[in-house]
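Okay, so here's the structure we're looking at.
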Amino acid sequence: MKTNFNQKVYEIAGKIPAGKVATYGQLAKLAGSPRAARAVGMCMRNNTDRNLVPCHRVVASNGELTGYAFGGLNVKRKLLVEEGVSFNKEKVDLKVSQWKS
DNA sequence: AAACTGACTTCTC
DNA sequence: GGAGAAGCCAGTT
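Mapping the first sequence onto this note's numbering, position 77 (from 1) lands on 1025, and the numbers just tick up by one.
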């Protein structure tokens, strides 16, 4: 079920370049609601098409991976690593790999 | 229309 | 610095 907000989130998420990641808060902000990080997560959860929306490039504000409905966080992390995202143990190195819009 | 839920964020202890 | 609690937003029931 697509809504306006959901639509915007998808569009923004689709703009995230490979090898970079964005935080939920960041996407929320770009979507028009700086505090809607939670809502963004909900949209990602509802979305099940990673070919259309690279939800694996969306992480928590502290760089930790959360959720992922395609096979678990382990898969998500693997995908990010494959794309060239800098990792610090189980967390993304936002200082290096956070997407700057 | 009201209440509950959730892939979040931030403050406080 | 780590753990716990409160707050916010949009969607779903």
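Think of the CB as a built atom: it goes at the ideal place given N, C-alpha and C, for glycine as much as any other residue.
Provide the residue(s) that pair with residue i in DSSP beta bridges, ordered along the chain.
i, result
"Thr971", "Val1007"
Run through DSSP, which three-state label would residue i get?
i, result
"Glu1012", "strand"
"Lys1039", "strand"
Assuming residue i is part of the alpha helix (DSSP H), what are its boundary residues?
i, result
"Ile960", "952-962"
"Gly989", "985-994"
"Arg918", "It is not possible to answer for residue 918, since the shown part of the chain is limited to 949 through 1049."
Kindly give me the distance between the Cβ atoms of residue i and residue j, rounded to whole angstroms, as I take these residues to be in contact under 8 Å.
i, j, result
"Val1001", "Gly962", "6 Å"
"Ala1017", "Arg993", "6 Å"
For the structure I just gave you, are there three or more beta carbon pairs, one from the segment 977-994 and one from the segment 1018-1032, closer than 8 Å?
no
Is the segment 1005-1016 close to the segment 963-972, with three or more CB pairs under 8 Å?
In short, these stretches touch, since the Cβ pair count reaches three.
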